[in-house]
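Visitor: Heads up: the sequence shown begins at 411 in our numbering, then just goes up one per residue.
For every residue, glycine included, the Cβ atom is placed at its ideal position computed from N, Cα and C.
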Amino acid sequence: MGHRGLKASCLPLFVLLLLLAVCRGRVVRVPKGPLIRVVGTEVEIPCSVSDYDGPSEQNFDWEFSQETDFLRIVSTWDSTFTSEEYQNRVGYGDIKLRRISNDAVELVIRNIQPTDQGRYKCSTPSTDATVQGNYDAEVQVKVISDGLSVSGSKARSSVSLRLSEGDSFKLHCSAITTSQEHTHLHMTWQSKNGSTWCDILSLTHEGKFQPGPGYEERYHNGDIRLDTGANDTYWLSVSQALSVDEGVYRCLVSEWVRGADSSWQKIQEKRVEIASVAIQPTALDVVISTSNVSVTERDSLDLTCNITTDRSGIFQAEVMWYFSASPDATLSDAQVLLSMNHDSVVSDSTLISLSHVDRNSYRLLVRDVDVGDSGYYFCQAAVWVPLHNGSWHKVVERRSAPVSVMVTALEPDYEVFLNASKIPKFSDDPTELNCRITNAQDTEANIRFTVSWYYRQRLRSDDVVTAELLATMDTDWTLQLGDRSREQTQNGEIIFSKKAVDTFSFRIQWTSESDRGDYFCVISAWSRHRNNSWVKSKDVTSASVSIFWATQGPVFNVSVHSDNPTVYQGEVADLWCIVTTEGMALEQDDTSFDVSWFAVHSFALDREPVLLASLDRRGIVTQSRRNGSSDLSLERISPLEFRLRVHGCEDHDFGNHYCIVTPWVRSATGVWQREPDIKAKPIFLSVKMDVLNAFKYPLLIGIGLATVIGLLSCLIGYCSSRWCCKKEVQETRRERRRLMSMEMD
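#1: On a CA-only basis, which of 892, 455, 634, 735 is nearest residue 799? Give me that one, please.
#2: If you compare alpha carbons, which of 994, 919, 1053 is closest to residue 970?
#3: So residue 766 packs on residue 754, CB below 8 Å; how close in whole Å?
#4: At what residue ranges does the segment 1051-1099 contain a whole run of the beta strand (DSSP E), taking only runs of 3 or more?
#5: Return the CA-CA distance between residue 593 and residue 546, expressed in angstroms with no decimal places.
#6: By the 10 Å Cβ neighbour count, where 16 or more other Cβ atoms means buried, how is residue 785 classified, buried or exposed?
#7: On a Cα-Cα basis, can you pick out the residue from 892, 929, 658, 443 that is closest to residue 606?
#8: Give every residue of the same chain whose Cβ lies closer than 8 Å to the Cβ of residue 431, excluding the five residues on either side of it in the sequence, and list them in chain order.
#9: Roughly how many whole angstroms lie between the Cα atoms of residue 471 and residue 498?
#10: What does the alpha-carbon distance come out to for the pair residue 776 and residue 884?
#11: What's the gap between the Cα of residue 1114 and the Cα of residue 1126?
#12: Would the C-beta of residue 1000 count as close to the ligand NAP, meaning under 8 Å from any of its heavy atoms?
#13: Which word fits residue 994, buried or exposed, when buried means at least 16 other C-beta atoms lie within 10 angstroms of its C-beta?
#14: Output needed for residue 481: all residues of its chain with C-beta closer than 8 Å, excluding positions within five of it in sequence on either side, in chain order.
#15: What does DSSP give as the partner residue(s) for residue 994 in the beta ladder?
#16: What does residue 796 pair with, by DSSP beta-bridge criteria?
#17: Buried or exposed: residue 587, going by 16 or more other Cβ atoms within 10 Å of its Cβ?
#18: Touch check for the segment 823-835 and the segment 884-902: three-plus C-beta pairs under 8 Å?
#19: Would you mind reading off the limits of the beta strand (DSSP E) that contains residue 668?
#20: Can you tell me whether residue 913 is helix, strand or coil according to DSSP?
#21: Over what stretch of residues does the beta strand (DSSP E) that includes residue 955 continue unbroken?
#22: CB-CB under 7 Å to residue 809, same chain, minus the five flanking residues each way: which ones, in chain order?
#23: With a threshold of 8 Å on Cβ separation, who are the neighbours of residue 797 within its own chain once the five nearest residues in sequence on each side are excluded?
#24: Can you list, in chain order, the residues of its chain whose CB lies under 6 Å from that of residue 805, leaving out five sequence neighbours each side?
#25: Could you tell me which of 946, 892, 875 sits nearest to residue 928, measuring between CA atoms?
#26: Going by beta carbon distance, what residues of the same chain come within less than 8 Å of residue 1141, once the five residues before and after it are set aside?
#27: Thinking just about the alpha-carbon of each residue, which of 1005, 982, 442, 1122 is nearest to the one in residue 1063?
#28: Whose C-beta lies closer than 8 Å to the C-beta of residue 926 among residues of the same chain, with five residues either side of it excluded?
#29: I'd like the list of long-range same chain contacts for residue 446, defined as Cβ closer than 7 Å, with 5 residues on each side in sequence excluded.
#30: Is it right to say residue 1099 is buried, meaning 16 or more other beta carbons lie within 10 angstroms of its own, or is it exposed?
#31: Tell me the start and end of each unbroken beta strand (DSSP E) in the segment 964-1052 that is at least 3 residues and wholly inside, in chain order.
#32: Closest by CA to residue 894, which one among 973, 878, 886?
#33: How is residue 752 classed by DSSP in three states: helix, strand or coil?
#34: Distance, Cα to Cα, residue 599 vs residue 725?
#35: For residue 643 versus residue 583, is the C-beta distance shorter than 9 Å?
#36: Assuming residue 1008 and residue 1021 are in contact, meaning their beta carbons sit under 8 Å apart, how far apart are those beta carbons, in whole angstroms?
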């Protein structure tokens, strides 16, 4: 019973599906008529087919009838389908089929005439397995007369308007229709500044206002309006014209009718050019009254921005002052100092003020300037005009050229005096120096003094030694130590202090021989700016104080000598480094020397020196790697003489050569002490090429080869003439007869 019930319930569903399959069939569709069209226009009548079998691309036939009989117009698959009445129009392209897709086409009739009014039938040949549905559909087309008239001004051509930016203008266009059908007009104002027409504002066939792209805000503000007047006139009103409003203006009018399906259909469209509008931009010139400016710190900076414009009527100016470190800075990189908007509201600032001197002048006043105010100043001005809704619109904006402003720092007038309160007479004695500020004038609470201490080694040669920084003091009294004094200061052997407001002290607890030299101090004056930062304004250097005492060691001098500083390639060059002593004589066992030889391979000492070889006081020789074939040897000839030999000199061995000697002296306690390095004045080694030796072997080889070749040539010639060119000569045999004696005759 259960199975029977299930089958019984499925039976109605099966029957329903069968009925749907039977009812399904081909459907051909055309628009619901009648289609109302205007004489002389182009008409497109669409036709589509659905729910068909067979190939995806379907064919279509179009026929026309005014009464009962149908005339064949055109077909997508049969070129002989067209009746004789339509062959010329189809051949000229006035009537044609335009395929939209595989299952849809459009019948296009150009310049439709009243004789084309009637019924149009669209048919599709059958490609289905069974004949189902409809295979054709008809639509009624009604052709009405052209009653639409569109015109501009009474003149034959469009008018030309020349306006200034911000002016107002009006354009009018007349449009009227006398059609007997119930039609509506759609009116659109368009402009063209180039090759493309753009919609400004439309009054649609449904009676709605529609602004074009980019005109929405101006339409809502009331700056662009479309008004209707008597005699079917449409006015375009533009207030506060902008530069983008320049171009050609036309009105575009289309006529619409409501179809049988209640949808609106456009039946024709006409256009006419109304005017050509030229917009003269508002002229605005922005200039700062002064050029380059130089002011002294703590004074006031006074700049005036002058603006001139050809704008008339009601307008307001907006002014903004900028500051930048570069003359080419953009607005995003520049700093805004002050601004005054078109309502004359000035932004707030403590030390900077902006005032409106007169209608065209705006004054910037910066009080109490400092060095940080040095840079480039420029102003930017804009002209604003009122709109109908009470808002303001910016019509033009310009920027002035930058003005260079140099703020000269106030340098306090003071002197620096350095004296030694304690001078050592022997090693391990203390040393104390006092750096004092004297004759200080024009100093205020915004001035702060700091000190820097320097040391310069005294050399026995003529070389210039740069000063070494011992310590420097920051504006917050923080001490920064140099490399030379860092370890001694951390161990408490050197003390830096500030004894008074105008006195700085430097003390060495136990002065050693390495501390001998010249000392000087530099007093720096710092000025405090408005942002509480400190900027150095002046440096004053004191005279140097020499810390030196006589010692029991000798004075060493070094010189370089060569008997022959000019050698030929391949020869040996001898260079001597000679040490001489002055003062107390020492035993040879109590002195020793480190000797290093250097070369600068140039005529001038403008290159980095190259280490050639070194000999330490223990007699160990170290040579640097060489690229050429020449070789070096360094030896000690005597306790005070050291010889450098260059074997097999080459071109790259030329240049300035010098030696650096480091003396070592043994004290009475047996401790070896290193003395300062002594550098000798360089000597120039010149390497020449020996022309005779250079060409001796090639010349001998050439002569030998020439002699051998000559002898070989003579030998070959002799052999050729002796054996190869010999010929046997056959002598003519002559009969020998003796003459008879005359007596016998």
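Guide: A quick look at the data gives this:
#1: 634
#2: 1053
#3: 6 Å
#4: 1051-1057, 1065-1076, 1082-1084, 1093-1098
#5: 30 Å
#6: buried
#7: 658
#8: Model confidence at residue 431 stands at a pLDDT of 40, short of 50, so the residue's coordinates are unreliable; what they give is reported in the following sentence. Hits under 8 Å: none found.
#9: 18 Å
#10: 30 Å
#11: 18 Å
#12: Absent from the structure shown: the ligand NAP. Ligands present: none.
#13: exposed
#14: 473, 474, 475, 493, 495, 496
#15: In the DSSP output, where bridge partners are listed per residue, residue 994 has none listed.
#16: 802
#17: buried
#18: no
#19: 657-668
#20: strand
#21: 955-957
#22: 696, 788, 790
#23: 631, 632, 633, 649, 650, 803
#24: 575, 576, 692, 793, 795
#25: 875
#26: Low confidence applies here, because residue 1141 scores a pLDDT of 45, under 50, leaving its location unreliable; read the following figure in that light. Within the same chain, residue 1141 has no close Cβ partners at all.
#27: 982
#28: 868, 957, 958, 959
#29: 552, 554, 591, 667, 677
#30: exposed
#31: 965-971, 976-978, 983-992, 1001-1010, 1020-1025, 1031-1033, 1041-1048
#32: 878
#33: coil
#34: 29 Å
#35: yes
#36: 6 Å
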